[in-house]
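A.B. asks: Mind looking over this structure? Questions follow.
Residue numbers (this note's numbering): 13 to 337.
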């Protein structure tokens, strides 16, 4: 159909043009010519990344039936865009100080970059995503700093939480967080099943490319406990949001990621995670209350019991630290 072909061509041209615009913005920002327009530049970048994800989704659902060559061009733009957006985060965060904190939009761009990787794997398959992950790994330290940027140069935990949650007290759960939780749930269920080794080998891994990126995130976060504290707090606030919305799978997956993979349960490691330990004082009682509320319901109870078991030793430690202080 000629009109459909023309529409796809226009969409592809728009993606190419916007990618070039993003490159221009990043190049100018690197020369420090956009210091008073950082928020607008970051907002444009977020909107652009969301548009790219929407294009991938529409292609997946056959609303946009791109030809193979067109898809290759789109994925080339995706790779370039990831680098440009991550470089913009880097440029913006290099200029922050006590008088000029990081724009809130840097956090949004970091989330949309992770959403982009997860969406490529969801809508295009692990093959495409695996070709994007090596590039993403190069920029992952900047993405991590972007995630933690709302916690930098803030006076109190209350200030940080107010930056991350809505008026209803809930944090926006980005798709990458939900996918990460699903990966963790899949691993837990797989480990719990008593299967033959052959059957284990056959079972398909969930989001293998995105999982590799998260494994590198774990390594990078463990190197710097201050950044781990910032990003770990985001996971905990996301878990609390899951508790409020009764998404117990999200709670279980994120808590498992934090307290099985990210955080080691020794005093030397835990003692530096001040924000996470302080937030746990509020979060753990919420988990206990929720367990009591659904005690007579099988729906989600086992997941919450697992969450409580993972949190309890860390919560006890946080109480001891508070009493000493």
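Glycine included, C-beta positions come from ideal geometry on N, C-alpha and C. Values in this document were obtained by computation on a predicted structure and should not be read as measured data.
#1: Helix, strand or coil for residue 299, going by three-state DSSP, please let me know.
#2: With a threshold of 16 other CB atoms inside 10 Å of the CB of residue 106, please say whether the residue is buried or exposed.
#3: By the three-class DSSP mapping on this structure, what secondary structure does residue 177 have?
#4: Quick one, which of 249, 38, 221 has its alpha-carbon nearest residue 56's?
#5: Determine, using beta carbons only, whether residue 230 comes closer than 7 Å to chain B.
#6: Which value, in whole angstroms, describes the spacing of the CA atoms of residue 214 and residue 25?
#7: Starting from residue 261, follow the alpha helix (DSSP H) in both directions and report where the run begins and ends.
#8: Can you tell me whether residue 242 is helix, strand or coil according to DSSP?
#9: Can you give me the Cβ contacts of residue 242 inside the same chain, cut-off strictly under 6 Å, excluding the 5 residues immediately before and after it?
#10: What is the residue span of the alpha helix (DSSP H) that residue 165 lies within?
#11: Helix, strand or coil: how does DSSP classify residue 106 here?
#12: Output yes or no for whether 7 Å exceeds the beta carbon distance between residue 132 and residue 141.
#13: Our contact map puts residue 244 next to residue 272 with C-beta atoms below 8 Å; I'd like the distance itself, whole angstroms only.
#14: In chain order, what residues of the same chain have a beta carbon less than 7 Å from the beta carbon of residue 220, not counting five sequence neighbours either side?
#15: If we ignore side chains and look at the alpha-carbon of each, how far apart do residue 185 and residue 325 end up?
#16: Can you name the residues that DSSP bridges to residue 183?
#17: Helix, strand or coil for residue 114 per DSSP?
#18: Between 65, 87, 247, which has its C-alpha nearest residue 230's C-alpha?
#19: How would you label residue 124, buried or exposed, when you count the other beta carbons within 10 angstroms and need 16 or more for buried?
#20: Just to confirm before moving on: does the CB-CB distance between residue 158 and residue 101 stay below 7 Å?
#21: Looking at C-alpha atoms only, which residue of 122, 197, 168, 331 is the closest neighbour of residue 267?
#22: What span of residues does the alpha helix (DSSP H) with residue 156 cover, start to end?
#23: Roughly how many angstroms lie between the CA atoms of residue 73 and residue 22, to the nearest whole one?
#24: For the candidate residues 253, 274, 76, whose alpha-carbon lies nearest to that of residue 294?
#25: Have a look at residue 112 and residue 48 and give me their C-alpha separation to the nearest angstrom.
#26: Within 10 angstroms of its Cβ, does residue 237 collect 16 or more other Cβ (buried), or is it exposed?
#27: Given a threshold of 16 other Cβ atoms within 10 Å of its Cβ, counted over all protein chains shown, does residue 77 qualify as buried or as exposed?
#28: Here's the rule: buried if 16 or more other CB atoms are within 10 angstroms of the residue's CB, otherwise exposed. What is residue 330?
#29: Which word fits residue 118, buried or exposed, when buried means at least 16 other C-beta atoms lie within 10 angstroms of its C-beta?
#30: In whole angstroms, give me the CA-to-CA distance for residue 79 and residue 172.
#31: Is residue 258 buried or exposed, if buried means 16 or more other CB atoms sit within 10 Å of its CB?
#32: Scan the region 39 to 94 and note each continuous alpha helix (DSSP H) run of 4 residues or more that stays entirely inside, going in chain order.
C.D. replies: So, to answer that:
#1: Helix at residue 299.
#2: Looking at its Cβ environment, which holds fewer than 16 other Cβ atoms inside 10 Å, residue 106 is exposed.
#3: Here residue 177 sits in strand by DSSP.
#4: Closest in alpha carbon position to residue 56, among 249, 38, 221, is 38.
#5: No chain B appears in the structure shown, which is made up of a single protein chain.
#6: Any reading at residue 214 must be qualified, since the residue scores a pLDDT of 48, below 50, and its modelled position is unreliable; the value itself is stated next. Roughly 42 Å separates the two Cα atoms.
#7: Start and end: 260 to 268.
#8: Helix.
#9: Taken in chain order, the residues that qualify are 160, 163.
#10: Run containing residue 165: none; DSSP gives neither H nor E here.
#11: Here residue 106 sits in coil by DSSP.
#12: Result yes, Cβ atoms of residue 132 and residue 141 sit closer than 7 Å.
#13: Actually they are not in contact, since the Cβ atoms of residue 244 and residue 272 sit about 13 Å apart, beyond 8 Å.
#14: Within the same chain, and ignoring the five residues on either side of residue 220 in sequence, the residues whose Cβ sits closer than 7 Å to its Cβ are 138.
#15: Using only the alpha carbons, I get a separation of about 26 Å.
#16: Answer is 177.
#17: The DSSP-derived three-state label of residue 114 is coil.
#18: Answer by Cα proximity: 247.
#19: With 16 or more other Cβ atoms within 10 Å, it is buried.
#20: The criterion of a C-beta distance shorter than 7 Å is satisfied by residue 158 and residue 101.
#21: That would be 197, whose Cα lies nearest to the Cα of residue 267.
#22: Here the alpha helix (DSSP H) through residue 156 covers 138 to 159.
#23: If you take the alpha carbons of residue 73 and residue 22, they lie about 19 Å apart.
#24: Here the closest residue by C-alpha is 253.
#25: Looking at the two C-alpha atoms, the distance is approximately 11 Å.
#26: Buried, since its Cβ has 16 or more Cβ neighbours within 10 Å.
#27: Residue 77 is exposed by the Cβ-count criterion.
#28: With 16 or more Cβ atoms within 10 Å of its Cβ, residue 330 is classed as buried.
#29: That one is buried.
#30: Those two C-alpha atoms are separated by around 46 Å.
#31: Under this definition residue 258 is an exposed residue.
#32: If one requires a minimum length of 4 residues, the alpha helix (DSSP H) runs lying completely within the region 39 to 94 are 50 to 72, in chain order.
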